[in-house]
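Let me begin by presenting the structure, written as structure tokens, before commenting on it.
Number of protein chains: 2
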Amino acid sequence: MTATAARQAIAERRLTADEYLQECLERIAEREEPIGAWEFFDAASARRQARAIDAATHPGRLAGIPVGIKDIIDTGDMPTAYGSPIYAGHQPAWDAACVALLRAAGAVIPGKTVTTEFAYFSPGKTRNPRAPEYTPGGSSSGSAAAVADGMVPVALGTQTAASVIRPAAFCGIVGYKATYGSFSLAGVKAFSPSLDTLGILARSVDDVALVRQALLDADEALLEIGPPRFGLCRTAHWSAADASTQRTVEQTAEQLKAMGASIVVRDWPAAFADLTEAQKAIMAFEAARSYAHERLVHSGRLSAKLTELLALGLACPLSRYREALGIAEKCRSELVRFFDGIDAVICPSAPGEAPKGLAGTGDPIFSRAWTLLHVPSVTLPLATGDNGLPVGVQLVADRHRDGRLLALAAWIERRWPGYSSPRNNPRV
Amino acid sequence: MTATAARQAIAERRLTADEYLQECLERIAEREEPIGAWEFFDAASARRQARAIDAATHPGRLAGIPVGIKDIIDTGDMPTAYGSPIYAGHQPAWDAACVALLRAAGAVIPGKTVTTEFAYFSPGKTRNPRAPEYTPGGSSSGSAAAVADGMVPVALGTQTAASVIRPAAFCGIVGYKATYGSFSLAGVKAFSPSLDTLGILARSVDDVALVRQALLDADEALLEIGPPRFGLCRTAHWSAADASTQRTVEQTAEQLKAMGASIVVRDWPAAFADLTEAQKAIMAFEAARSYAHERLVHSGRLSAKLTELLALGLACPLSRYREALGIAEKCRSELVRFFDGIDAVICPSAPGEAPKGLAGTGDPIFSRAWTLLHVPSVTLPLATGDNGLPVGVQLVADRHRDGRLLALAAWIERRWPGYSSPRNNPRV
Chain Z
6 MTATAARQAI AERRLTADEY LQECLERIAE REEPIGAWEF FDAASARRQA RAIDAATHPG
66 RLAGIPVGIK DIIDTGDMPT AYGSPIYAGH QPAWDAACVA LLRAAGAVIP GKTVTTEFAY
126 FSPGKTRNPR APEYTPGGSS SGSAAAVADG MVPVALGTQT AASVIRPAAF CGIVGYKATY
186 GSFSLAGVKA FSPSLDTLGI LARSVDDVAL VRQALLDADE ALLEIGPPRF GLCRTAHWSA
246 ADASTQRTVE QTAEQLKAMG ASIVVRDWPA AFADLTEAQK AIMAFEAARS YAHERLVHSG
306 RLSAKLTELL ALGLACPLSR YREALGIAEK CRSELVRFFD GIDAVICPSA PGEAPKGLAG
366 TGDPIFSRAW TLLHVPSVTL PLATGDNGLP VGVQLVADRH RDGRLLALAA WIERRWPGYS
426 SPRNNPRV
Chain W
6 MTATAARQAI AERRLTADEY LQECLERIAE REEPIGAWEF FDAASARRQA RAIDAATHPG
66 RLAGIPVGIK DIIDTGDMPT AYGSPIYAGH QPAWDAACVA LLRAAGAVIP GKTVTTEFAY
126 FSPGKTRNPR APEYTPGGSS SGSAAAVADG MVPVALGTQT AASVIRPAAF CGIVGYKATY
186 GSFSLAGVKA FSPSLDTLGI LARSVDDVAL VRQALLDADE ALLEIGPPRF GLCRTAHWSA
246 ADASTQRTVE QTAEQLKAMG ASIVVRDWPA AFADLTEAQK AIMAFEAARS YAHERLVHSG
306 RLSAKLTELL ALGLACPLSR YREALGIAEK CRSELVRFFD GIDAVICPSA PGEAPKGLAG
366 TGDPIFSRAW TLLHVPSVTL PLATGDNGLP VGVQLVADRH RDGRLLALAA WIERRWPGYS
426 SPRNNPRV
């Protein structure tokens, strides 16, 4: 059952928060061992939270909805290790702002989902629920797997390069990365503050919209909209997408047209050519500063991948960092023109299906530029690739058009033929 | 002795870190009771740190320099209470990135300086060292007072509205607020992430430049420059400045001209008219999210001033917040034109001398717009007002021109007639 459906049922007293949680706990008991989505889990605490919600007079927007929290996000009642042995067992003194807002809205926080090391590339134990020999993607690996596997309806992730969109696409669920700055990152481990953004992983767009309101602490209902106008955007990296991904994006454009949307081709602007490299420079430069304590005091306990990133960041001259920031700002000023006449672009979510093996988490190439542009994006599980694994399609809108973007995504979700069954969709 | 002079003496073995620290400790022992600059102080730990520096082979850029750390910034070896009874005695598990960088550069961290409650308006115990019945300003109250009183040569502050520039001006020292994003805020309590910026309080511009390099973890030596070009900018709030402040800024322009600088008048652009109100909206909106845990769990332990700000933030519609962000971005795109033909503007640092009384920290009106514009600024203690208290003059340059801005400030400092004596200046 989706969060939206469960919340309705709980509000109407057809279901209790405790019963809904029990379904999740049973699924987790059955599936956690092969999947490994959780870094920490506390069923007893979750049950107490659910019963408190059932007893409350004004239980809030997310009354009784279990939400998985990426273990890069502080929780005052559960350890938070940021995916690193340095912080194994570390107990923050209080909740991150996003967790406090979820709790205040009535959410149940049952545990912490696996993250890669400090939200970069070194994976944890999580497997892809669609195929256990394949990566779930990262860095929000456990959040994507837990949601895809039906352990929780929704989970929080964070994105600095592609850490929400990529795992959501690989696991066949909905992923939403907000406009930069929309959600508070207070109490979330900083990686690259010019890029870091909170995101939501869910099995339906409605559920994303529901959680988003709690995180904003503001009403922003999902609007019904008329036929949207899309731009098919092959981006600067089309050749990095495999054949089934290219086919999926192009067929999506055709299908959207058949559904009544208008479609134009939107070329990657020449001005955007350097964005992906700029994102890499900014991420490395800022990571070397954000992780100063870890780099200077615990260097022996960092992975080779992270060590390499931090060395790159220290080798990056200030002038190059500033140039990269300048490129981003200039490109952001072009966004109004880029989105002129369209509501959103459609493009690949990732180069292909989830890669085989658990040593890596796949390539963030199809999100780096968008993340640096600060635009909101959504991935929808619209297709299946040659290996039988999910292929996502990414929708991207202009900054602060998150409400409209989610409305577009819901428009697609409601009309897409055969959308639900292979993807654990709630409307089945 | 300034940090720059001490570092030279320590490098040449004319002074040990331990001896330099001893001078600071004596001053603190003598003056802490009337001033109240420190929230926490650990002389024994500081001595151990200094001796370790004296024993080190490569002691670093800040070898043996004691640096006060505003108590909004996490330290792994000292409690951090963020100016709130909620967190009295709270011990972070590790150092903020900025503290880790200072330590790696050889700095000695003797304690935590008093901050207002969560870096907003409710003051701590600190008094102005120039006149104990007057506010030291805030929110970096203890950092400004400790430096002004000669307890430490330098200290870290943070600024969301005017929290570095205002206390530095009121206490008669040099204050520097960096270009937004220049310094990592990892491990610094978030207030309003679109505005929060680290700053440095010191008794000389050279000292600011020295600490800045450690925080950047990059070489950026202070350049010698030729005669600068200044714009006299009365801002939108000239009438809020008292007569002695207006006179000071105008006489500064005359004096700079006499020293060989060129001066033009730079009007406040019409496009900038809404910046101060936009800053207020953004600060309130974001504070209500950043302080979600405190607001939702500890509301009874927040001051009336903070409670009012958070209520304002919750009442601010998303549309108004987005509009305010849009105003800021548009104005930032005008900055190149605003600074065309000049190196920096000069303007008031605050409406006047430090106000009498310890219940408030003064008005941030002369920094709100600059902070929102993300530009770097410096206040220099160039004059004395009618009450005999310091009056600062603020210099503001375009974003990422921090190195040039500090060079301009040093150019003034070295040439300003009679600069040193009343302001505890190191060159006496």
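Chains as they are written, first to last, in my numbering: chain Z, 6 to 433; chain W, 6 to 433.
Quick reminder that beta carbons are idealized off the backbone N, C-alpha and C, glycines included.
As assigned by DSSP and simplified to three states, the class of residue i
i: GLU255(W); result: helix
i: SER324(W); result: helix
i: SER382(Z); result: strand
i: VAL216(W); result: helix
i: VAL302(W); result: helix
i: GLU24(W); result: helix
i: TRP43(Z); result: strand
i: PHE277(W); result: helix
i: SER267(Z); result: strand
i: CYS352(Z); result: strand
i: VAL396(W); result: strand
i: PRO71(Z); result: strand
i: GLN96(W); result: coil
i: PHE235(W); result: strand
i: THR312(Z); result: helix
i: ALA61(Z); result: coil
i: MET288(Z); result: helix
i: ILE78(W); result: strand
i: LYS182(W); result: strand
i: GLU17(W); result: coil
Chain-ordered chain W contacts of residue i [CB-CB under 9 Å]
i: PRO198(Z); result: GLY186, SER189, LEU190, ALA191 and PRO198
Cβ pair residue i, residue j closer than 8 Å
i: ASP407(Z); j: ALA245(Z); result: no
i: LEU221(Z); j: SER187(Z); result: yes
i: PRO353(W); j: VAL254(W); result: yes
i: GLY81(W); j: TYR25(W); result: no
i: ALA150(W); j: THR131(W); result: yes
i: ALA191(W); j: ALA110(W); result: no
i: ARG135(Z); j: GLY177(Z); result: yes
i: ILE78(Z); j: VAL104(Z); result: yes
i: ALA359(W); j: TYR139(W); result: yes
i: GLY73(W); j: THR118(W); result: yes
i: LEU200(Z); j: LEU377(Z); result: yes
i: ASP391(Z); j: LEU340(Z); result: no
i: LEU261(Z); j: CYS336(Z); result: no
i: ALA374(Z); j: GLN284(Z); result: yes
i: LYS310(Z); j: PHE126(Z); result: yes
Chain Z residues whose Cβ lies nearer than 7 Å to that of residue i
i: ASP100(W); result: HIS298
i: ARG327(W); result: HIS405
i: SER338(W); result: SER338
i: ALA316(W); result: Ordered by position in chain Z, no residue passes the 7 Å Cβ test against ALA316(W), which lies about 12 Å from the chain.
Proximal residues of chain Z, C-beta to C-beta of residue i below 8 Å
i: LEU106(W); result: ARG294, ALA297 and LEU301
i: ASP222(W); result: ALA293, ARG294, ALA297 and LEU319
Nearest residue (CA-CA) to residue i, options the options
i: PHE175(Z); options: ALA415(Z), PRO395(Z), ILE417(Z) and ARG36(Z); result: PRO395(Z)
i: HIS303(Z); options: LEU319(W), ALA86(W), TRP99(W) and ALA297(W); result: TRP99(W)
i: SER372(W); options: GLY116(W), ALA289(W), TYR326(W) and ILE170(W); result: ILE170(W)
i: GLY3(Z); options: PHE45(Z), THR250(Z), ASN392(Z) and ARG12(Z); result: Limits of chain Z in this structure are 6 at one end and 433 at the other, which puts residue 3(Z) out of reach.
i: PRO64(Z); options: CYS29(Z), ARG108(Z) and SER89(Z); result: ARG108(Z)
i: HIS405(W); options: ILE417(Z), GLY94(Z), GLY116(Z) and LEU323(Z); result: LEU323(Z)
i: CYS29(W); options: ALA297(W), GLU225(W), ALA153(W) and GLN260(W); result: ALA153(W)
Residues that residue i contacts on chain Z, provided the C-beta gap is smaller than 9 Å
i: GLU122(W); result: The premise fails here: GLU122(W) is roughly 16 Å from chain Z at the closest Cβ pair, so nothing lies under 9 Å.
Closer than 7 Å at the beta carbon, the chain W residues around residue i
i: GLU225(Z); result: LEU323
i: ALA109(Z); result: LEU301
Residues that residue i contacts on chain W, provided the C-beta gap is smaller than 8 Å
i: HIS95(Z); result: ALA98
i: ASP68(Z); result: Before going on, a small fix: residue 68(Z) reads as Ala here, not Asp. Neighbours of ALA68(Z) on chain W: none; closest Cβ ~16 Å, over 8 Å.
- prompt: Three or more C-beta pairs closer than 8 Å, one from the region 202-210 of chain W and one from the region 237-244 of chain W: is that the case here?
  reply: no
task: Please determine if the region 348-359 of chain W and the region 400-416 of chain W are in contact, where contact requires at least 3 C-beta pairs separated by less than 8 Å.
output: yes
- prompt: Closer than 9 Å, Cβ to any Cβ of chain B: which residues of the region 30-45 of chain Z, in chain order?
  reply: Any reference to chain B falls outside this structure, whose protein chains are Z and W.
- request: Would you check if there are 3 or more beta carbon pairs closer than 8 Å linking the region 54-64 of chain Z to the region 134-146 of chain Z?
  value: no
task: Tell me, please, whether the region 266-273 of chain W touches the region 226-239 of chain W by the rule of three or more beta-carbon pairs shorter than 8 Å.
output: Contact holds: three or more Cβ-Cβ distances are below 8 Å.
message: With three or more beta-carbon pairs closer than 8 Å as the criterion, would you say the region 311-320 of chain Z touches the region 279-294 of chain Z?
response: yes
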